[in-house]
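Reviewing the structure listed below.
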Amino acid sequence: MPVVLLAAGVSVYYNSFSGAFVFDDLPRIVNRPEIRHLWPAGQYLADSRPMVGLSLAVNYALGGLNVWGYHAFNLGVHLLATLALFGIVRRSLSRDPFRRSYDRGASWLPLAVALLWMVHPLQTQSVTYLIQRGESMMGLFYLLTLYCVIRGADSPRAWGWYTTAVVFCALGMDSKPVMVTAPVVVLLYDRAFLSKSFVESFRQRRVLYAGLAATWSILVASGVVGAVLFPTPEVETTVGLGVAVVTPLEYAFTQPGVILHYLKLSFWPASLCLDYVWPVARTPGEIVPPAIIVGLLLLGSIWAYWKKPWLGFVGAWFFLILAPTSSCIPIQDLALEHRVYLSLAAVMVLVVITGYAAMAWLLQGLRLRGRRVPWIATGLVITFAALLGSRTVERNRDYRSRVAIWRDVVDKRPNNARAHDNLGEALASGGELDEAISHFQAALRIDPNQAGAHSNLGGALTVKGRPDDAIEHCRAALRINPDFAEAYCNLGNALADMGRVAEALGPYRRALEINPGSAKAHAGLAKALAQRGASKEAIKHYRWALRVDPDFANVHVDLGVELFEQGRHDEAIEEYRAALRIDPHHPIAHCNLGNSLSARGEIDEALAEYRLALHSNPRHVNARIGLGNMLQHKGQPEAAIEQFREGIRLSPRNVIARCNLAAVLASQGRRREALELVREASEIDPNHAAVRRIRAALRE
């Protein structure tokens, strides 16, 4: 049976392995320097979720930012959690009151529960969305804690199982604070399945419960409890009583509607969404009906716990695991699908057990009960698993790129300003600036106070050659959020693009005051300093940027340019090669590497690099010029002439292409054509060094 579960899990998540880093993956994985070194461990273990940080550091140590390894880890956690759930359900069904009623079905009912839970598309946000491994890791440790307690109750060496349960509970607390309810859920299970009363539970396992309760101290020591209950006013919080966007009462009024949405998705997962931006419930119509329904379900679970403890425990499992995120403790995002990761198990248990009971009753009424039950049940389980699994495969495709997932959110939530902003940012990073700008503008129409959209729009407008408009939007972002480091970076870029390099230094330095670890700010300041002639300080900031983000290919290239200008060709070559290890198709890195190799006299190697640059970008004019120079040096003047002419066609005002073409033509005795090219070059820039050189050569 475990083989069936593992095979099914791999089959429905195989297409997730090519999925991209999205949303919070970027700040918490891609741009997080703490995970780039396994030692010293304190840099990521100091986080409120040290187990998550450790897992990310291991991933980075094994494969850098190769997304495949992160997906493999997430799926591995989910598969282990599935096996743990299978073990819990199987051992629970072997106990009273199930022993007699479900004896025949005990072999496949646990498999059905675990299988449907595992392949359900609602789980994709905890598995395919990489940073949400915190939820699935916590879920795994939650399940293992309960499983060890169940095994300990039947073992003559119970202390070993109970000790392991406490260890798993501690690891869960270190994965996500939702684990806070685990000791309570274990106690409720104990009373429902293992003991006749709470008194007996405590008498038989008091050391166990003392150990489980002791793990709560981890949440205190890590600062989670303090951050939730006693927020620091000067720190912007996203969880706890310090959240500015919603009060505890508003949050509590909104959550019944959110819980009903989770239940709807459990049965009909047709409209999954990464980022709901769920509205606060404010009117009686939004508050009262959901509150009545959820209240009745909660009261029914409490009543059932005394009358039918197993049924009450299933309800308690659902509500208690959701309680930390769906009660009265405000969280900035009111609804997120990964929060129902473990609670979904309760729904699947009820569906499978009640479905089995209903089917058995129906077949008995038709006098068809017997051997037909397992076969019919198996067929139904396979059918539902196939339907859910196919939807999971389809949902995984939405995570294939940042653009794809944000298009999905915008389609489902067209009034989500944050989704438009993130879609615009993803499009801009892929060079689709016009569409990106339209989404930034859409975000600002929905919410004019979106500082991020203003800043991102400013960055895109700078690239589009509209620095005046860019400056206006960057300043608007800073009026909304005066401590927005990214906006200062984009403001510096816009000023530098206008030639106001001296003014750009201030915004870059301010960005670094706010966020000293900003690779983008270090890189922008370095480029501005290089333009001002402060080469030594520029190199220092380029190296700082690379300490923060060693995979910043453009910074390797810019640092290489600065080193090349200083005549440090060997060091420049190392930087260009570092950029190409990160991005093998970087045309500027190939071209500049060709320049450095040419300066060292390595003509064949330089020739190869120029060709690679043009393979990546056939419109790269400098690579054409470099290739033409190498062909001339190799005694192939006609081929060189062809490259220079193509360079002029691509860039009609390029002085160097004209001068180099003139030199080749002159060497071929075609002096009149050469002089005409020199005249054209002189009209474009009479003081250009290349013009002066070719003039002198022609005079000789």
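According to this note's numbering, the sequence shown is numbered sequentially starting from 197. Even for Gly, the Cβ is constructed at its ideal location relative to N, Cα and C. Note that this is a predicted model, so its numbers are computed, not measured.
Buried versus exposed, by CB contacts within 10 Å (16 or more), Ala553: exposed
Ile527, DSSP secondary structure in three states: strand
Contact check, Ala819 vs Gln828, beta carbons under 7 Å: no
Straight-line Cα distance separating Ser462 from Phe213: 24 Å
Ala361 and Thr341 closer than 7 Å at C-beta: yes
Exposure of Leu188, with buried meaning 16 or more beta-carbon neighbours within 10 Å: In this structure the chain extends from 197 to 896, so residue 188 is not present and cannot be described.
Three-state secondary structure assigned by DSSP to Val547: helix
Val484 - DSSP class collapsed to helix/strand/coil: helix
Neighbourhood of Ala448 by C-beta, 6 Å cutoff - its chain only, sequence neighbours within 5 removed: Cys524
Residues that Val179 bridges to, as DSSP identifies them: This structure gives no information on residue 179, because the portion of the chain shown stretches from 197 to 896.
Counted within 10 angstroms of its Cβ, other Cβ atoms place Asp617 as buried (16 or more) or exposed: buried
Environment of Gly260 [buried if 16+ CB atoms lie within 10 Å]: exposed
Distance, Tyr210 Cα to Pro897 Cα: The displayed coordinates of the chain run from 197 to 896. Any statement about residue 897 would go beyond what the structure contains.
Segment contact flag, the stretch 526-544 with the stretch 392-407, C-beta cutoff 8 Å, min 3 pairs: no
Own chain, CB closer than 6 Å to Glu805, minus 5 neighbours either side, in chain order: His786, Leu789 and Gly790
Three-state class that DSSP yields for Val435 in the structure shown: strand
Backbone CA spacing between Asp800 and Asn825 [nearest angstrom]: 12 Å
Beta-carbon contacts of Val208 that lie in its chain and below 6 Å, excluding the five residues immediately before and after: Val315, Gly585, Thr588 and Val589
Residue interval of the alpha helix (DSSP H) (run including Asn750): Ala749 to Glu761
Straight-line Cα distance separating Asn813 from Ile852: 19 Å
Every unbroken alpha helix (DSSP H) within the stretch 384-430, with a cutoff of 4 residues, ordered by chain: 394-410, 412-417 and 420-425
Selected residue, minimal CA-CA separation from Arg245, among Leu759, Ser371, Thr443 and Arg868: Ser371
Nearest neighbour of Gly508, chosen from Pro198, Leu725, Thr479 and Leu546 [CA to CA]: Leu546
Inter-residue Cα distance where the pair is Pro138 and Val420: The first residue shown for the chain is 197 and the last is 896, placing residue 138 beyond what the model contains.
Given Asn850 as reference, the closest of Val874, Gln319, Gly713 and Arg866 once Cα atoms are compared: Val874
Ranges of the alpha helix (DSSP H) found wholly within the stretch 260-329, counting only runs of at least 4: 263-289, 294-297, 305-315 and 320-323
Cα-Cα separation between His274 and Ser332, rounded to whole angstroms: 6 Å
Val536: first and last residue of the uninterrupted alpha helix (DSSP H) it sits in: Segment: none, Val536 is in no alpha helix (DSSP H) and carries neither H nor E.
Alpha-carbon spacing of Glu482 relative to Leu456, whole angstroms: 12 Å
Alpha carbon of Ala378 to alpha carbon of Tyr338, nearest angstrom: 6 Å
Where the alpha helix (DSSP H) through Ala717 begins and ends: Ala715 to Gln727
Local conformation of Arg603 per DSSP, three classes: helix
Rounded C-alpha distance that separates Leu558 from Gly551: 10 Å
Buried/exposed call for Pro475, threshold 16 Cβ in 10 Å: exposed
Range of the contiguous alpha helix (DSSP H) that encloses Arg773: His765 to Ile778
Start-end ranges of the beta strand (DSSP E) lying completely within the stretch 618-672, minimum 3 residues: none
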